[in-house]
Every structure is written in C-alpha cells, then in structure tokens.
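First to last, the protein sequences are chains U and X.
Heads up: the first sequence begins at 18 in the working numbering, then just goes up one per residue.
Heads up: the second sequence begins at 1119 in the working numbering, then just goes up one per residue.
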Amino acid sequence: MILSPSARRPFRAALFAALGVAVLAVGARVYASDHQDTPEVELNPRMDINDVYAFPGSSADRIAFIVTTSSPIAGSNASFDPNLLYQIKIDNTGDAVEDLVFQVTFDEGTGAAQKYTVRGPVAPSMTGTKTALITTGTTITGTVGSAAGSATGVQTFAGVRADPFVIDLEQFFNILPDRRPSTGALSGPATPTASAFRNPGIDFLKPFNALGIVIELPKSMVLASTDAAAKFGVWATISR
Amino acid sequence: MRFHNTARLLGAAFVLSLVAGCSDDTDNGMTTTGPTTTRTYQQIERLGNPLVSEVFFMKRDHGLHNNTAPATDVANGFGDKIKTFTNGFNRGATIANTLAAVLVPDMLMVYPNRAGNTAGWLSWALANGYGGRKLNDDVVDAGLTAIFGNLLDPNAAVLPGLTSDNISTSTRTYGTTFPYLEAAR
C-alpha cells in the first residue's frame, strides 16, 4: 500500500484531525513500538508488525495471542494486505525453531467486506524465513471486524482497533535520532536533541488505530506438557 | 527488495521481448503458466520481544532482524548489538549480559502453566512468572528501567531522566474479554 500523493491527502487529513495539533502539519507518519523499520516497511505500514502479546485467556486453560500491525491507521475502513502472509510462530522445544504456526491471510476488500482465514496451530511445512501455506489442519474463516471460531476451541478476530502501545515516541526519537523515520512528522536531525524524557510525557499513539489479529485457544494446543517448567517462545512474522 | 525485484522483472521482460522479436512472429503458440498453488513466501518482517530491534539495534541492522529467524540470532551477534548499545551509555557488562540472556534468541517467552496472575513481560526471568506480555504492561518503562536503572546491577548508576518516558498504560482502557483490544478511535 504505497499511497499516491492524492490518496495520501485524506489519510493525512484524518491524522491531523485526530491529533488536533499543528506540529504534524509538516508530515503524516508516526510509528509505535516497532514503528520504525527498514525503508521498505516504512513505505508500507501494512508490512509493519507493531507489537506481539501473549497472556492468559478467558479461562485458566486458555491463552491469547495478539499481533498489531499498520499503526497508524486512520478510519475504520482500513484493510489488511491481501498479498501478505501474517504468521504467529511458536517454538515449544527450546531450539528457537518454530514447531507450530498460525497463518493468517486476507482476501481483497476493505472494512467488513474483507474476509480473513486463520490456519493452525499446525506444524509448518517449512521453517525459518521461507514459508508455504499450510493445507492441513484447522481453518477458520471470518469477517474483518468480527470474531469467528469457538469460545471453547480456537477463537479468532481481525480488525481495526485502538493501538494499545503507549510511548512518548517523539521524545524517544529526540533521544535516539538514529531510529527516526526518514520522512514525515517524526523525521528530524540525526543528532540527539534531548538527553532525557520529558515529564509529563506525551501519550503519542493514543489517537491512533492499528490493525489487530487476535487468536485465543486452549493452551494445550500449543504446549502439551502440564509441567510448571514447560515453556514456549512466540514471535510474529510478515511474509510475501 | 521491492526495487531490486522490479529491476529484475524489467530486465527479464526486456530479454523476453528480444527473444520474441527474434522469433517467427506468426508463431502464437507460446504457452503461459499461472501462479503455482505452492507459492513460497519470503519473510520481510518479524517481532518477538518489544524494544529489541527498535531500541537496541541501529536502524541499519533492522533489516537483519526482519529478514532472519530466532534460530540464527545468536550467530548473528544480537547479544553483541545489545552490548554495543548499553556500552554507549556505560551501563556495564552485567546489564548487557543479562539483557542478552533474556532477549536472545528474540522470542517472547511464555510459561503457561505458571499462575496467570504472574503474567507480564519478562516475569518468567525476573520472578519465576508466566511471562508473555499483557496489553497493559508498560514495556517501555520496564525496558528503560532495566537498561538505565540498577535493577539488573545494584552497582550501576541510575540515569533518572532515562528510566521512564513518564507515560503510563493506566491512561488507556483495555478489554477484559475477547478480543481485548480497545475499539477503534
């Protein structure tokens, strides 16, 4: 999604309205926790994973995973990129290689007209940085903005939500200018313009939305052992 | 990558047009093949723990993080990159080594059979907790405190202006039921 200059205008206008501050009048791009990345990802926010979460689900035997991407998204009609493969990967044997994956893909369309498909958890056919779509195991199809699946089995959601991440991003870049985006409101000098956080800080991302993928399921589906020392590692990827 | 691929495709198209130009142009029997059903995807982005790439890694290394997998994080010197960052602030070997030990390979660690009320970023390492990461974890302050405070090394100097961004997750509302994320603004 590399917006043409004309297509960017409404996007910027929405951001300005959301922020209500003149400081952003020089540009229109801000980024959350992993909101500063390679130049290509900077050009296409839908290639950007912002954050990954894993926490106890709605009951003691369930676990929830959340991946946020694309912050900042303006408006409720934003869409996931149908050309990208979003994955959550789990290593439950301690070798830092994925043993189970969730694979999430999207069809064309925007807002509630877009459908998502969640495959897994299932062993991947390839590990590492190359991936093929899984053709076996559980598959759940839902509508963007709505939950699908089962509250006692695998439950899924994908859609536009508030960006949950909290940071004074502007001051972070003032302290660590190497991490700045190269264009937009938060671009700036390459040398530090601050050596400490300001107090009070500014909850920079509060006005913004992100695209969220949420998967909750029985924890036994990602880790068979009930031993208290049993563990797994989780990370998210985007591939094309 | 996009531009390299585009250049490669344009080059291929040019060669094809040359071949076509040299061939008998009455021959329209050229067959085309659609995309295969066994498309191979190439990873272009990844994230495990918060702050690892975006705080510790120079921007020039973000591509290395994005285009590799946790299994090669040790070999790719991710621990040394963390150390280079903390050395820049004279934080000492104890802090650098502790951070590298819990963040490399870069996977968000979860001990799901431990008590759910101990869930939180890095609680598995610091307090024998569930680990993982909750929506309301203030990972920025946690990370800053670990780097610039004396939590990991009692002998380390505290840099008070850098141990918090002075914003709390308590200013937000997070859902307690699926799908947990607050409604769009």
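We put the beta carbon where it would ideally sit given N, CA and C, even for glycine.
| Item | Value |
| --- | --- |
| Buried versus exposed, by CB contacts within 10 Å (16 or more), Met1225/X | buried |
| Cβ contact (3+ pairs, closer than 8 Å) linking the region 1158 to 1171 of chain X and the region 220 to 228 of chain U | no |
| Residue-level contact to chain X via CB, Met238/U, 7 Å cutoff | no |
| Distance, Asp65/U Cα to Ala1301/X Cα | 20 Å |
| Amino acids of chain X, ordered along the chain, whose beta-carbon sits closer than 9 Å to that of Phe249/U | Met1225, Met1227, Val1228, Tyr1229, Pro1230 |
| Neighbour-count burial assignment, Pro62/U, 16 or more Cβ in a 10 Å radius | buried |
| Distance between Ser167/U and Arg1178/X (C-alpha atoms, nearest Å) | 43 Å |
| Distance CB(Thr262/U)-CB(Arg1164/X) smaller than 7 Å | Outside the modelled stretch of chain U, which goes from 18 to 257, sits residue 262/U, for which no answer is possible. |
| 7 Å Cβ cut-off: residues of chain U touching Gly1250/X | Ala71, Phe72 |
| Burial state of Met143/U, where buried means 16 or more other Cβ atoms lie within 10 Å | exposed |
| Run of the alpha helix (DSSP H) containing Ala1260/X, from where it starts to where it stops | 1257 to 1266 |
| Cβ-Cβ distance between Leu1299/X and Arg79/U below 7 Å | no |
| Under 8 Å from the C-beta of Gly1279/X: neighbouring residues of chain U | Ser212, Ala213, Phe214 |
| Expected contact under 8 Å - CB spacing of Ser212/U and Gly1195/X to nearest Å | Not confirmed; about 28 Å, so no contact. |
| Enclosing beta strand (DSSP E) for Ser88/U [first to last residue] | 79 to 90 |
| is_contact[Ser1288/X, chain U] using C-beta, thresh 7 Å | no |
| CB contact below 7 Å: Ser204/U versus chain X | no |
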